[in-house]
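Report on one structure; see the data block that follows.
Residue numbers (our numbering): 273 to 704.
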């Protein structure tokens with residue numbers, strides 16, 4: 273250990289004690305605000321509120337009684353990749369040697385009524401950059417640090433609207449659909465406003481961004497869960513019909529949509545309850561399972577009638593949006609969310625656009641010394657045999673064959689032959 277490292281560990285111990293460190297985007301309003309409050313009320317977390325408006329965050333923290341010893345507002349403008357990089361640098365300095373325990377990607381914007389796209393600081397369509405691309409970059413920059421925590425979790429807030437196997441996702445136009453990702457593959461810069469390469473639709477852009485987040489969660493689970501120990505999950509906390517997310521909808525919609533969701537469909541949840549749900553996925557030991565799309569109590573119920581009025585719109589038990597801590601379950605996702613070929617293209621081209629750099633994926637290997645020796649011997653002998661197979665002959669078109677046309681020196685041939693025979697004999701003996 274270096275002197276600098278020792279000092280950083282001491283600084284982290286003094287600042288955080290034994291509390292877990294959480295970053296939550298969009299902590300100044302709506303779902304993020306309620307989740308941050310629930311985390312802080314346990315006394316077990318230090319929460320970093322990653323927000324674009326620090327003055328607003330500080331006001332909210334004072335109103336909600338956030339303990340300043342356990343809460344730190346930090347600037348993050350998801351409309352800019354440069355801001356994501358700066359935030360990660362600021363976080364690194366702030367936390368010293370303390371590893372990040374939880375990353376909650378919650379922030380989002382919804383612009384369904386726009387007849388034209390708005391562009392980010394990086395010249396990408398705003399909803400897709402704020403909701404998905406900047407979170408994609410954020411996860412890539414923090415994944416190594418999360419690996420150092422004892423029970424790390426990355427939680428991506430999805431939506432029923434990104435799942436077309438539901439009424440809310442498949443029964444209301446437009447439907448989330450990335451198609452062949454032609455817009456993303458073409459660079460997704462102004463004037464290209466949609467990942468599918470077609471004309472702009474504000475509601476579809478939002479739904480597509482949520483589809484991307486849920487696909488990303490599944491892909492990160494497949495690539496990195498065993499390697500890093502990080503639990504990657506996505507959630508749908510229910511329809512927060514009176515959320516600030518709908519601030520750009522028309523006045524009549526904002527007035528009647530909560531009533532419809534509460535008394536007709538039963539899909540309504542309050543911000544308070546939704547915040548408890550997101551908090552649960554960050555806190556509950558049951559939610560350390562990776563590769564899960566968490567939901568609560570299913571979806572809308574028919575035959576609401578008088579019972580809806582008696583229960584103030586809430587449904588308890590399977591099928592409704594209401595219910596407590598134990599109503600959580602592992603929900604099913606649509607075929608589009610599980611499309612691995614599209615997910616691979618999404619990951620590749622999102623990395624190119626954001627400049628994200630990811631760890632090289634690999635499966636955990638046995639620490640057995642004998643296996644390491646056998647592996648080294650096998651790799652050498654296999655490499656030597658492959659060189660023979662790459663020798664230029666009619667029908668050989670691999671690029672390595674062109675290199676093999678050069679003559680190997682006699683000395684190299686003697687050395688490789690001697691070592692190869694020795695290692696081949698050792699390999700045969702070890703492997704029987």
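Note that beta-carbon positions come from the ideal geometry of N, C-alpha and C, so glycine has one too.
Measuring CB to CB, does residue 487 end up less than 8 Å from residue 618? Taking the first residue of the chain shown as position 1, residue 487 is located at position 215. Taking the first residue of the chain shown as position 1, residue 618 is located at position 346. Annotated as proximal: residue 487 and residue 618, with beta-carbon spacing under 8 Å.
What are the residues that DSSP puts in a beta bridge with residue 346? Taking the first residue of the chain shown as position 1, residue 346 is located at position 74. 322.
Give the DSSP bridge partners of residue 292, in chain order. For the purposes of this step, residue 292 is identified with residue 20 of the chain shown, where counting begins at 1. Beta-bridge analysis with DSSP links residue 292 to 317.
Just list the residues that DSSP pairs residue 503 with in beta bridges. By one-based count along the chain shown, residue 503 stands at place 231. DSSP, once it has assigned bridges, lists 425 as partnering residue 503.
Under three-state DSSP, which class holds residue 618? The count along the chain shown starts at 1 and reaches residue 618 at position 346. The answer is helix: DSSP assigns residue 618 an H, G or I state.
Would you list the residues sitting across from residue 630 in a DSSP beta bridge? Translated into the one-based positions of the chain shown, residue 630 becomes position 358. Its beta-bridge partners do not exist; DSSP assigns none.
Whole-angstrom C-beta distance between residue 333 and residue 295, which should lie under 8 Å: Here residue 295 refers to the residue found at position 23 when the chain shown is read from its first residue. Here residue 333 refers to the residue found at position 61 when the chain shown is read from its first residue. In this structure, residue 295 and residue 333 do not form a Cβ contact; the two beta carbons are roughly 15 Å apart against a cut-off of 8 Å.
Have a look at the DSSP bridge pairing and note the partners of residue 297. Counting from one through the chain shown, the residue named residue 297 turns up at place 25. As a beta-bridge residue in DSSP terms, residue 297 pairs with 322.
Residues of its chain near residue 621, where Cβ-Cβ distance is below 6 Å and the 5 sequence neighbours each way are ignored: Numbered from its first residue, the chain shown carries residue 621 at position 349. 456 and 457, listed in sequence order.
Locate the beta strand (DSSP E) running through residue 543, then write down its first and last residues. In the chain shown, the residue the question calls residue 543 occupies position 271. Looking at the DSSP string, residue 543 is not in any beta strand (DSSP E); the run it does join, the alpha helix (DSSP H), is 543 to 555.
Beta-carbon separation of residue 633 and residue 495 under 8 Å? In the chain shown, counting from the first residue as 1, residue 633 sits at position 361. In the chain shown, counting from the first residue as 1, residue 495 sits at position 223. Yes, the Cβ-Cβ distance between residue 633 and residue 495 is below 8 Å.
Considering only DSSP beta bridges, list what residue 597 is partnered with. Here residue 597 refers to the residue found at position 325 of the chain shown. Paired residues: none, contrary to the question.
At a cut of 8 Å, does the segment 309 to 328 reach the segment 556 to 567 through at least three beta carbon pairs? Cβ pair count under 8 Å is below three, so no.
If you drop the 5 nearest sequence neighbours on each side, which residues of the same chain put their C-beta closer than 8 Å to that of residue 392? Residue 392 sits at position 120 when you count from the first residue of the chain shown. Around residue 392: 351, 352, 398, 401 and 402.
Rounded to a whole number of angstroms, what is the C-alpha to C-alpha distance between residue 500 and residue 490? Translated into positions along the chain shown, residue 500 becomes position 228. Translated into positions along the chain shown, residue 490 becomes position 218. The straight-line gap from Cα to Cα measures roughly 15 Å.
Closest by C-alpha distance to residue 311, when choosing among 291, 324, 414 and 326: The residue given as residue 311 occupies position 39 in the chain shown. Nearest Cα to residue 311 within the set 291, 324, 414 and 326: 291.
Hey, how far is the Cα of residue 365 from the Cα of residue 339? Stepping through the chain shown from its first residue, residue 365 is reached at position 93. Stepping through the chain shown from its first residue, residue 339 is reached at position 67. Cα to Cα, the separation comes out at about 21 Å.
Going by DSSP in three states, residue 361 sits in which element: helix, strand or coil? In the chain shown, the residue the question calls residue 361 occupies position 89. Residue state, collapsed to three classes: helix.
Between residue 679 and the rest of its own chain, which residues show a CB-CB distance below 6 Å, the 5 nearest in sequence each way excluded? As a working note, residue 679 is residue 407 in the chain shown. Caution is warranted here: a pLDDT of 44 is assigned to residue 679, below 50, making its placement in the model unreliable, and no coordinate value can be reported.
State the Cα-Cα distance for the pair residue 459 and residue 655, rounded to the nearest angstrom. Position 187 of the chain shown, counted from the first residue, corresponds to residue 459. Position 383 of the chain shown, counted from the first residue, corresponds to residue 655. If you draw a straight line from the Cα of residue 459 to the Cα of residue 655, it comes to about 39 Å.
Suppose you measure from the CA of residue 664 to the CA of residue 653; what does that come to, to the nearest Å? Walking along the chain shown from the start, residue 664 turns up at place 392. Walking along the chain shown from the start, residue 653 turns up at place 381. Residue 664 and residue 653: Cα-Cα distance of roughly 20 Å.
So, with DSSP's three-state summary, where would you put residue 337? Taking the first residue of the chain shown as position 1, residue 337 is located at position 65. Coil at residue 337, not helix or strand.
Contact between the segment 374 to 382 and the segment 355 to 365: three or more CB pairs below 8 Å? Taking 8 Å as the limit for Cβ pairs, the verdict is that the segment 355 to 365 does not touch the segment 374 to 382.
Grouping DSSP H, G and I as helix and E and B as strand, with all else coil, what is residue 612? Taking the chain shown and counting its residues from 1, one reaches residue 612 at position 340. Assignment of residue 612 by DSSP, reduced to helix, strand and coil, places it in the helix class.
Separation of residue 324 from residue 477, as counted between CA atoms: By 1-based counting over the chain shown, the position of residue 477 is 205. By 1-based counting over the chain shown, the position of residue 324 is 52. When rounded, the distance between both Cα atoms is 21 Å.
Taking 7 Å as the line, does the beta carbon of residue 338 fall inside it for any heavy atom of the ligand GDP? Within the structure as shown, the ligand GDP is missing, as the structure has no ligands at all.
Length of the line joining the Cα atoms of residue 343 and residue 297: Reading the chain shown from its first residue, position 71 is the one you call residue 343. Reading the chain shown from its first residue, position 25 is the one you call residue 297. In a straight line, the C-alpha of residue 343 is about 13 Å away from that of residue 297.
Buried or exposed for residue 616, please, with buried defined as at least 16 other CB atoms from any protein chain shown within 10 angstroms of its CB. Here the question's residue 616 lines up with position 344 in the chain shown. Label assigned to residue 616: exposed.
When the Cα atoms are used, what is the spatial distance from residue 600 to residue 565? For the purposes of this step, residue 600 is identified with residue 328 of the chain shown, where counting begins at 1. For the purposes of this step, residue 565 is identified with residue 293 of the chain shown, where counting begins at 1. The alpha-carbon atoms of residue 600 and residue 565 are separated by roughly 10 Å.
Cβ-based neighbour list, residue 388, same chain, cut-off 7 Å, excluding 5 preceding and 5 following: Reading the chain shown from its first residue, position 116 is the one you call residue 388. Once the five neighbours on either side are set aside, the close Cβ partners of residue 388 are 472.
Measure the beta-carbon distance from residue 314 to residue 555 and round it to whole angstroms, keeping in mind my assumption that it falls under 8 Å. In the chain shown, counting from the first residue as 1, residue 314 sits at position 42. In the chain shown, counting from the first residue as 1, residue 555 sits at position 283. Contact flag correct, Cβ pair sits at about 7 Å.
Output needed for residue 309: all residues of its chain with C-beta closer than 6 Å, excluding positions within five of it in sequence on either side, in chain order. Here residue 309 refers to the residue found at position 37 of the chain shown. 336, listed in sequence order.
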